[in-house]
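If you're matching positions, the sequence shown starts at 176 in the working numbering and goes up one per residue.
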Amino acid sequence: MITALTIKHEQPNSLKERFRALFSPYEINVKRINDDYLGLEMIHITYVQKSGRIRFGKIKRSVNADFHETVCSSSLSLPRKLGFKRFDNPMYIRRLCINAAESYIKSLDCDPNELRISLFDPSGRFSFAAERFIKYTNSLQVATSAVRFYEAENERFMREYGATIFVHSNFYDIIPCDILVAPQTITMPISCGSTMTIFTGNRPKVPVCGIVHDNFSVRLPVCLEDIKPKELSDAYFLSALYTLEKMKWLERIPTNGGRTILPKNNKNTSKESCDSIDIL
């Protein structure tokens, strides 16, 4: 079940309204959503602040809900001492990164012998992506700590796709390639060329060469428009549904592109991508 929290600030205008706010400084509204078709169960709490501070204790006592993964705006500061913690899980965005990269690669319509692709997967959590990319290249490189797991798949890849993967654990020395897919945040220096295209789930923590695509956005399905709290981004809300409600079908919806970070030698160091990248 999802617990969503919205804070609204309502400033009393008249003297009469200000006087009333002294005795009734807040208002709490609770909306329960149970949608069997979507497989969604959500409690949406709206706290209207009229005067004074936000009374999180009152919010917690107003409804029987779990606030350890509260779905709310990033601008809201939650008191951890009272058991409040904001939901923040990057797995859905990382899935979008892989989907966007595959869509881009497919749109290139390149000869597999001419396209070099690398998968940067230190944790080994995204081994499924190797099978998605090996269809488009005869030269797939994987940098990972789960070397044995990837190597075990090599025989099947050769049998089904006529291609093999080169697996190693040297994260600092990526063999030159055309496209690098890094679902997790890049936190270590990578040797790569300035012409390489990089897809990553979050903005790199260290300087990297090449053209970086990250911060992917999505189109909210019509069936969720009346459910999503207005102050939340579509991607964040869908991330909560994907992670907390196990709505796995959300990983296949289209993206609207993402932020593009150009190499430092380019005059425009950062711009928003205008092109739509469709998930196939």
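Glycine is no exception: its CB is placed at the ideal position from the N, C-alpha and C atoms.
In this text the structure is predicted, and so the values were computed from the model without any measurement.
E202 and K235 have their C-alpha atoms spaced approximately 13 Å apart. For a cut-off of 8 Å, the C-beta gap from D353 to R261 is around 38 Å, too long to register as a contact.
Annotation: T370 is outside any beta strand (DSSP E) and is labelled neither H nor E by DSSP. M266 has its alpha-carbon roughly 18 Å from the corresponding atom of T319. Positions of the beta strand (DSSP E) runs, each at least 3 residues long and wholly inside the segment 274-346, are given as 291-296, 314-319 and 340-343 in order along the chain. Counting only the Cα atoms, Y347 lies some 42 Å from K405. Nearest Cα to I177 within the set P351, H343 and E244: E244. The three-state reading of DSSP puts I234 in helix, counting H, G and I together. The shortest CA-to-CA distance from H343 to any of R323, L355 and V356 is the one to R323.
Taken through DSSP and simplified to helix, strand or coil, I229 comes out as coil.
Cβ atoms of I273 and V356 come within 8 Å of each other, at about 6 Å. Around E426, the same chain offers R270 as residues with beta carbons nearer than 6 Å, after the five sequence neighbours per side are excluded. Scanning the segment 406-435 for uninterrupted beta strand (DSSP E) segments of 3 residues or longer gives nothing; none is fully contained. Rounded to the nearest whole angstrom, the CA to CA distance from N264 to D409 is 14 Å. Put simply, the backbone Cα of F308 is about 14 Å away from that of I373. Judged by DSSP secondary structure, V387 falls within the beta strand (DSSP E) whose first and last residues are I386 to D389. F295 is positioned such that its CB atom lies no closer than 9 Å to that of I350. Within the model, the alpha-carbon separation for I218 versus H388 is close to 34 Å. Around R207, the same chain offers I218 as residues with beta carbons nearer than 7 Å, after the five sequence neighbours per side are excluded.
Bounds of the beta strand (DSSP E) holding E216 are L215 to Q224. Judged by beta-carbon spacing, T312 lies within the 9 Å limit of A338, meaning their Cβ atoms are closer than that value. Here DSSP, grouped into helix, strand and coil, assigns I268 to helix. A Cβ-Cβ separation of about 13 Å leaves F332 out of contact with Q316 under the 8 Å criterion.
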